[in-house]
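Written out below as structure tokens is the structure these notes cover.
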């Protein structure tokens with residue numbers, strides 16, 4: 394059984410990923426600052442962890458096959474997270490990314506738009522910096538999955554599109570539910586197709 398360490402398992406996105414992993418029979422170590430807030434699902438072991446303590450986190454990650462990071466960029470240090478994964482020796486690292494670094498035209502990121510919402514600018518900037526650190530890394534087998542611009546609770550439909558670096562949109566805008574995002578991410582764990590790449594999911 395593939396052993397997954399999920400950092401940020403109690404969050405809105407993390408809890409959906411946790412359910413998807415559990416439903417598919419993965420063995421999951423669910424890590425959060427407040428493990429009492431982690432949903433109870435089969436095959437899940439809750440664990441208290443601190444993303445600011447890279448040494449402790451590396452020890453907690455050891456022995457797993459895959460690490461999934463689902464933490465807000467503003468609440469964590471990208472370099473510390475990457476170093477913890479590297480030090481743990483876990484062979485695969487998947488990151489819940491952001492939409493701000495997606496391109497709306499060649500070389501032009503969404504975050505660069507003049508009307509990009511200020512409320513999200515800091516988080517989006519940190520997310521773009523995280524991606525740039527991964528792109529410069531020559532050791533980790535990483536994958537960074539960016540959601541669409543509107544990333545919200547919804548339904549698990551199983552009907553969505555995948556892309557690479559360009560923002561996905563349709564006649565109703567750029568959107569993906571937490572549930573379908575989780576589905577796409579766990580699909581990537583089961584059938585790796587984006588090693589050392591960023592990709593995106595949307596309707």
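In the working numbering, the protein residues as written are 394 to 596.
Backbone N, C-alpha and C define an ideal beta-carbon position, used for all residues, glycine too.
Predicted, not measured: the structure shown is a model, and the values here were computed from it.
Quick check on the DSSP output: the beta strand (DSSP E) that includes residue i runs from which residue to which?
| i | result |
| --- | --- |
| residue 506 | No beta strand (DSSP E) contains residue 506, which DSSP labels as neither H nor E. |
| residue 441 | 437–441 |
| residue 460 | 459–462 |
At which residues does the alpha helix (DSSP H) containing residue i begin and terminate?
| i | result |
| --- | --- |
| residue 486 | No alpha helix (DSSP H) contains residue 486, which is instead part of the beta strand (DSSP E) from 485–489. |
| residue 515 | 511–528 |
| residue 472 | 471–481 |
Among the options, which residue has its Cα nearest to the Cα of residue i?
| i | options | result |
| --- | --- | --- |
| residue 475 | 445, 435, 585 and 439 | 445 |
| residue 417 | 430, 394 and 400 | 394 |
| residue 484 | 544, 587 and 535 | 535 |
| residue 443 | 571, 585 and 428 | 428 |
| residue 525 | 500, 510, 513 and 494 | 494 |
| residue 407 | 454, 456, 490 and 477 | 490 |
| residue 510 | 492, 527, 501 and 500 | 492 |
Are the Cβ atoms of residue i and residue j separated by less than 8 Å?
| i | j | result |
| --- | --- | --- |
| residue 462 | residue 421 | no |
| residue 551 | residue 576 | yes |
| residue 403 | residue 431 | yes |
| residue 557 | residue 592 | yes |
| residue 459 | residue 400 | no |
| residue 441 | residue 426 | yes |
| residue 465 | residue 543 | no |
| residue 503 | residue 560 | yes |
| residue 569 | residue 588 | no |
| residue 471 | residue 523 | yes |
| residue 451 | residue 498 | no |
| residue 538 | residue 583 | no |
| residue 553 | residue 530 | no |
Per DSSP, what are the beta-bridge partners of residue i in this structure?
| i | result |
| --- | --- |
| residue 544 | 569 |
| residue 553 | In DSSP, residue 553 forms no bridge with anything. |
| residue 577 | Bridge partners of residue 577: none, in fact. |
| residue 559 | 496 |
| residue 539 | 593 |
| residue 501 | 498 |
Practice task
Taking only runs that begin and end inside the segment 398–457, name each unbroken alpha helix (DSSP H) of 4 or more residues, in chain order.
Solution key: Along the segment 398–457, the alpha helix (DSSP H) occurs as fully enclosed runs of 4 or more residues at 405–416 and 447–454, listed in sequence order.
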